[in-house]
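Trainee: Here you go, one structure.
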Amino acid sequence: MAPTPWDSSQVWWHAQERLRPHQPPAPSPASGLLDSVMTPDSGMEGGESAAASFVEKFQKYPKKPWSSLYPSVSSQAIDLLDRMLAFNPSTRITVEEALQHPYLASFYDPRDEPVAEHPFEFEEELDNVPIPVLKERMLKEVNEFRQAAGL
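Each residue of the sequence shown is one higher than the one before, counting from 1 in UniProt numbering.
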């Protein structure tokens, strides 16, 4: 399955939620999103059983229109967010499709959209890498980028 922009759309949603006063904090990011904005479809076709059982714990609500929650946000932004947060991964917009969405049109250049030849896999869990080692690796990446860019 192609990567989807689910995580980045949750970040955007949480940033918007912080701008809405008088909202009680959610017990978890997922429950806040599900309880206040959307309720998953009854079926989790092709989904993992752990995810399906997690979702079943939430009370079912009718989906609220994004425009009622964020009236000052453009219709194109709302369409993109809605497609990014589609609960069913098989109907969710892919990263490639999201980059070509009209809301991002001014940033999209098909000649400058690198695509990985194979899925990225962490060689080791970053949580287990000491901070000094991470800093060293990041500095190495920055220096390699600068050298390649002639900076």
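We treat Cβ as the ideally placed atom computed from N, Cα and C, and that holds for glycine.
Is the beta carbon of Leu80 sitting closer than 8 Å to the one on His101?
Mentor: What you label residue 80 is simply residue 80 of the sequence shown in a count that begins at 1. What you label residue 101 is simply residue 101 of the sequence shown in a count that begins at 1. A contact, by the Cβ cut-off of 8 Å.
Trainee: Pick from Val129, Leu85 and Tyr108: whose alpha carbon is nearest that of Lys64?
Mentor: As a working mapping, residue 64 is identified with position 64 in the sequence shown. Ranking the options by Cα distance to Lys64, first place goes to Leu85.
Trainee: To which residues of the same chain is Met1 closer than 6 Å at the C-beta, ignoring the five residues directly before and after it?
Mentor: Sequence index remark: in the sequence shown, residue 1 carries index 1 (1-based). Note that Met1 has pLDDT 48, beneath the 50 cutoff, so the model's placement of it is unreliable and no number is given.
Trainee: In three-state terms, what does DSSP make of Val129?
Mentor: As a working note, residue 129 is residue 129 in the sequence shown. Three-state DSSP puts Val129 in coil, outside helix and strand.
Trainee: Between the C-alpha atoms of Gln76 and Tyr103, what's the straight-line distance to the nearest angstrom?
Mentor: Here residue 76 is taken as the residue at index 76 of the sequence shown, counted from 1. Here residue 103 is taken as the residue at index 103 of the sequence shown, counted from 1. Rounded to whole angstroms, Gln76 to Tyr103 spans 5 Å at the Cα level.
Trainee: In angstroms with no decimal places, state the Cα-to-Cα distance between Pro114 and Phe107.
Mentor: Numbered from its first residue, the sequence shown carries residue 114 at position 114. Numbered from its first residue, the sequence shown carries residue 107 at position 107. C-alpha separation (whole angstroms): 14 Å.
Trainee: Nearest-angstrom Cα distance between Pro130 and Ile78?
Mentor: On the sequence shown, position 130 is the one that residue 130 refers to. On the sequence shown, position 78 is the one that residue 78 refers to. Spanning the two alpha carbons is a distance of roughly 40 Å.
Trainee: For Gln76, which three-state DSSP category applies?
Mentor: To locate residue 76, count along the sequence shown from 1; it is residue 76. If DSSP states are grouped into helix, strand and coil, Gln76 belongs with the helices.
Trainee: Determine the direct distance from the alpha carbon of Ser67 to that of His118, and round the result to whole angstroms.
Mentor: Walking along the sequence shown from the start, residue 118 turns up at place 118. Walking along the sequence shown from the start, residue 67 turns up at place 67. Rounded to the nearest whole angstrom, the C-alpha separation of His118 and Ser67 is 38 Å.
Trainee: State the DSSP-derived secondary structure class of Leu85, mapped to helix, strand or coil.
Mentor: Along the sequence shown, read from residue 1 onward, the residue named residue 85 stands at position 85. Under the three-state reduction of DSSP output, Leu85 falls in the coil class, being neither helix nor strand.
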